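Residue numbers (our numbering), protein chains in the order written: chain A, 292 to 803; chain B, 6 to 336.
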C-alpha cells in the first residue's frame, strides 16, 4: 500500500450555520490520481481549499507526509508542495504568461529569463505548449488552464489539486489534459481531480473518494467501481437514469425560422441560413459543440441579436391567431407575446439575475412596469417568489436574501423558475442544468416536461448528449452556425449526433 | 523667450505638486484602491510639516538660529507621516471594514482639508502681527536651487536648475516607482493585488498587507506634494483658500492621464502645469475666458479617457479590481 501524502483527520468547516464539511477523514496517497466525486454543494471544493490554504478548518487535523501541519494561507500550501488549480482561473488578464507564473514567488522568483526557461522545461516534460510572452487576455480557455497548471508546477508543487478542470474544455482538450495528468503521475506527482462527471472519473483515476453533503462517504479503487455504484454512493440513493419523455398529440406550429443569418461582434458569421420549425408540445433540443451559434440563435428569437435582412421568424400564437413577425420587435414586445428565454451563462449570474437583489426583486425585474402609476407592485412578485421557492424547492434563508449568496443550483432554479412561472407559450432555455447535480437536473427536466405537456413549445440547448437523446422529441444539430441535421430524439443514435456536430453534410454556403 | 522660460518654470513648480500626488495615488491604485482623498492627504502633509517647522523655528533664538538642514529633516518626515496617517485611516476603513472606497476617499478629502485649515488658521492667529504664519528658514531651505548656490547659468540654468530640491526628488521618485512597479517582483505582486486579488491570494501574496502598505506609502508620497506646496510654492505661509484641494483633484486626474504609469507623470505633470498657466501668456483674455483655459487639464484628461476607451487597448486600462473590496471567505 502506497504511503499517504496527505491525511485529513476529522476536518470540519462551517460557513455561518452551514456545515460545508463535517468530520471528514480521508487520505491522498503519494503518486496516485485521486478523483474527488460529489454532487454540487457536497463540499469538494471547500475541502480542497483547506489544503490550498484558502480556508482554514474549524476543527480537525491535516497531516502532510505524516506530519501535522497548519496551512494558514496559500503560501504555506506552496511551501508544503501543495498547489491548486481553481475552477475560476486566478490569472491576471493584462499580464503575460511568464508574469503570471512569477507572481507571488517571493525571493526564489528569479528573473524573467530564468522563468521563461523553466516554463519551457515544464512544457517539454509534461507535454504542454504555451507561449511565455502571450498575454492572458489573448488566450483561449484551454490555454489559460494550461497556464494555471504550469504556474502550480513552477512553484514546485508535488501534490496538484485540479478543481473541475474539464468543465470548460472540449472533449479533445479534455483528452490532452488527461494525457498531461498521466505524465505527471508517471513523474511521481500526486494529482487530485475534483469532478462530477462519472465517465471522467472512470477513465483517469486510480481511486475515487466520494463526498455527499459535506460528509466523506467512501473511497474505492476505480477498477472495482462502476457508473451505477458511484452514482449510488454520490447521491445516496439509486437515481432513475431514464428521463421521462411523454408523447403529446395534436402539435401546433409555434415558431417558423427561415433564412436566419447573423454576425457576431468580431465580424464572424455565426449563423448561416438557419431554417427550422418549433411546435407546441415538444422539446426541440439544440445540440452542438459550445460556441457554434446556439447562443445567437436563441438571442435572435428573443430579439437580442441583430440579424441580416432576408430572415424571417414567424410566431404563431396559440388559439390559431395570425402569425407575427418577430424580427424588428423589441425583446420586451417578444416577451409579452409569450416567447421567453432563460439563458444560464457560465457564471450563472451574468445574465438575467441581479446578484445583490433578493428572489422577489429578481422576480419583479421583468415585470417592474406593472403597478399603479409610478409605484411598483411588490405583492405579486413576492407571491411568485414564494411559489417558485416551494415548487422548485429553492433553498434560501429568505426571499430577500441576495441571490448571489445562494448556491449555484438554487440560483439556476430561480432563473428558470421565473420564466416558467410566467406561463409562456414558447420557452427557450440554454444550459439549464449547467453545473447542477443529478437531482437538481432531474427537477429541471421534469419542469420542462410539465411545460411541454401543457402545450408549451420548448427549445432546449444542452451540452450532455445522453440527456438530449433521452429528453428531446427532436434534436437540431448546429455545426459552424449551420443546421447540420434535425434528428428524431427517439430513434437517433449518439454516434450520428456526434458526427453531425462536427460535419455539415448539407450543401453549404448556398445563397450566403 | 523670457515669457516661455517663466511659463516653463511656473509649469514645473505647479507640476511638482501634482506629480507627488500622482505618484502616490498611482501606487495606491495599483493595489486596487481608488483613494479620492488625495486632496485631503496633501492638506495633511502640508499642515503637519508646517506645524512641525513652525514649532522648531519658534524655539530657536537669534543666538542659536534655526538650521536649514534640520528644517528639512523635520519637515519631510512629518509631511510623509501626517499624510500616511490619513492613508491609514482610509486603509482601515476600506480594507478592514470594507467601506465604500469612493465615499471614504471623498470623506477623507473633506476631513483633511478641515483639519489642515483649522490648524493653518490657528497658526496664522498665533503668528499675530499680520495674521500670517511664516517659516522663513524652512522656506528658503526648500526653495534653494542649484542656480542660487552655484551662480547664474543662463537660460539652461533657469529652465532646469532654478528649483528647490523637491522638484528633482519628484522626478527621481517617479522613475523609482515606475521601476519598482514594473520591473521588480514585489511590484508584480502589488499589481496582481490590484488586478486580481483572488489570484494574488491564491499565489500566496498577503493581499491585506500589500494594500495597507501601498495605501500608506502612496499617501505619504502624495503628502510630499502638500509639503512642496506649502514650503516652496507659497513660501512657507498658509492660506485657507482651497488651492491645495484643486491641485489634489488634478493629481487624481493625472493618474488617469498617465495611464497608471508613474514615468508618464514626469511630463504629464509639467504639461498640466503649462496648460494651467497658459492663460497668463495668451494676450487679450478676460477673466471669464481665463477660466476656460484653466479647464484645459481636465479637458485633456477626458480626451485621454475617450481616446483610451476607443482604442480598446487592454494594457491601458485601470487595474481590473480597482475600487473593489477584497474578502477571502466570500462565497
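Built from N, CA and C at the ideal position, the CB exists for glycine as well. In this text, all values refer to a predicted model and were calculated from it rather than measured experimentally.
Compute the Euclidean distance between the alpha carbons of residue 38 of chain B and residue 32 of chain B, then round it to the nearest angstrom.
Approximately 9 Å between the Cα atoms of the pair.
Going by DSSP, what residue range makes up the alpha helix (DSSP H) through residue 217 of chain B?
212-233 is the extent of the alpha helix (DSSP H) around residue 217 of chain B.
Would you say residue 330 of chain B lies against chain A (beta-carbon separation less than 8 Å)?
No, residue 330 of chain B lies away from the interface with chain A (no Cβ there is under 8 Å from its Cβ).
Considering only the beta carbon of each residue, do residue 280 of chain B and residue 257 of chain B sit closer than 8 Å?
No, they are not a contact pair.
Could you check which residue in A:707, A:451 and A:700 has the C-alpha nearest to that of residue 296 of chain A?
For residue 296 of chain A, the nearest C-alpha among the options comes from A:451.
By the 10 Å Cβ neighbour count, where 16 or more other Cβ atoms means buried, how is residue 590 of chain A classified, buried or exposed?
It is buried - the Cβ of residue 590 of chain A has at least 16 other Cβ atoms within 10 Å.
On a Cα-Cα basis, can you pick out the residue from B:318, B:265, B:231 and B:161 that is closest to residue 171 of chain B?
Measuring from the Cα of residue 171 of chain B, the nearest candidate turns out to be B:231.
Which complete alpha helix (DSSP H) runs does the segment 26-107 of chain B hold, if anything under 4 residues is left out?
If we require 4 residues or more, the alpha helix (DSSP H) runs fully inside the segment 26-107 of chain B come out as 43-64 and 73-96.
Whether or not the segment 428-441 of chain A and the segment 358-367 of chain A are in contact is what I'm after, with contact meaning three or more pairs of Cβ atoms, one per stretch, closer than 8 Å; do they touch?
Contact fails: fewer than three Cβ-Cβ distances are below 8 Å.
So with Cβ pairs under 8 Å, would you call residue 707 of chain A a contact of chain B?
Output row for residue 707 of chain A: interface = no.
Count the other CB atoms within 10 Å of the CB of residue 103 of chain B; is the residue buried (16 or more) or exposed (fewer)?
Looking at its Cβ environment, which holds fewer than 16 other Cβ atoms inside 10 Å, residue 103 of chain B is exposed.
Could you name the residues of the same chain whose beta carbon sits closer than 6 Å to that of residue 673 of chain A, not counting the 5 residues immediately before and after it, in chain order?
Once the five neighbours on either side are set aside, the close Cβ partners of residue 673 of chain A are 651.
At what residue ranges does the segment 358-422 of chain A contain a whole run of the alpha helix (DSSP H), taking only runs of 4 or more?
Listed in chain order, they are 365-370, 388-393 and 403-417.
Rounded to the nearest angstrom, what separates residue 326 of chain B and residue 318 of chain A at their Cα positions?
Using only the alpha carbons, I get a separation of about 37 Å.
Interface residues of chain A around residue 197 of chain B at Cβ under 8 Å?
Simply 383, 386, 394 and 395.
Below 8 Å, can you find three or more Cβ-Cβ pairs linking the segment 138-146 of chain B to the segment 235-255 of chain B?
Touching, yes.
Residues of chain B with CB closer than 7 Å to the CB of residue 400 of chain A, please, in chain order.
Ordered by position in chain B, the residues that pass the 7 Å Cβ test against residue 400 of chain A are 190.
For residue 12 of chain B, tell me which candidate among B:164, B:250, B:45 and B:298 has the shortest Cα-Cα distance.
Among B:164, B:250, B:45 and B:298, the Cα nearest to that of residue 12 of chain B is on B:164.
Run through chain A and tell me which residues come within less than 7 Å of residue 203 of chain B, C-beta to C-beta.
Per Cβ cutoff of 7 Å: 381.
Within its chain, find whatever has a CB closer than 6 Å to the CB of residue 687 of chain A; leave out the 5 residues flanking it on each side and keep chain order.
Once the five neighbours on either side are set aside, the close Cβ partners of residue 687 of chain A are 697.
Shortest alpha-carbon distance to residue 476 of chain A belongs to which of A:619, A:708, A:739 and A:418?
Nearest C-alpha to residue 476 of chain A: A:418.
Quick check: is the beta carbon of residue 210 of chain B nearer than 8 Å to any beta carbon in chain A?
Yes, because at least one Cβ of chain A sits closer than 8 Å to the Cβ of residue 210 of chain B.
Taking the alpha helix (DSSP H) that residue 437 of chain A belongs to, which residues open and close that run?
Its alpha helix (DSSP H) spans residues 432-445.
Mark residue 525 of chain A as exposed unless 16 or more other C-beta atoms lie within 10 angstroms of its C-beta, in which case mark it buried.
Label assigned to residue 525 of chain A: buried.
List, in order along the chain, the chain A residues whose C-beta lies closer than 8 Å to that of residue 200 of chain B?
Those are 383, 384, 385 and 386, listed as they occur along chain A.
What are the boundary residues of the beta strand (DSSP E) that residue 296 of chain A is part of?
Run containing residue 296 of chain A: 295-306, per the beta strand (DSSP E) assignment.
List the residues of chain A that residue 193 of chain B touches, going by C-beta distances under 7 Å, in chain order.
In chain order: 390, 393 and 394.
Which of the residues in the segment 551-567 of chain A, read from start to end, lie with their CB under 8 Å from any CB of chain B?
Under the 8 Å Cβ criterion, the segment 551-567 of chain A contributes no residue.
Just to confirm the assignment, what range does the alpha helix (DSSP H) spanning residue 271 of chain B have?
Counting along the chain, the alpha helix (DSSP H) containing residue 271 of chain B begins and ends at 267-282.
Considering only the beta carbon of each residue, do residue 147 of chain B and residue 162 of chain B sit closer than 8 Å?
No, they are not a contact pair.
Three or more C-beta pairs under 8 Å: does that hold for the segment 44-60 of chain B against the segment 189-209 of chain B?
Too few Cβ pairs lie closer than 8 Å, so no.
Given a threshold of 16 other Cβ atoms within 10 Å of its Cβ, counted over all protein chains shown, does residue 803 of chain A qualify as buried or as exposed?
Because residue 803 of chain A sits at a pLDDT of 34, beneath the cut-off of 50, its placement in the model cannot be relied upon, and the point is left open.
In terms of residues, what are the limits of the beta strand (DSSP E) holding residue 554 of chain A?
Counting along the chain, the beta strand (DSSP E) containing residue 554 of chain A begins and ends at 544-554.
Is DSSP giving residue 341 of chain A helix, strand or coil here?
Residue state, collapsed to three classes: helix.
Residues of chain B with CB closer than 7 Å to the CB of residue 365 of chain A, please, in chain order.
Ordered by position in chain B, the residues that pass the 7 Å Cβ test against residue 365 of chain A are 206, 207, 208 and 209.
Since residue 454 of chain A and residue 376 of chain A should fall inside the 8 Å C-beta cutoff, what is the C-beta to C-beta distance between them, to a whole number of angstroms?
The pair is a contact, with the Cβ atoms about 6 Å apart (cut-off 8 Å).
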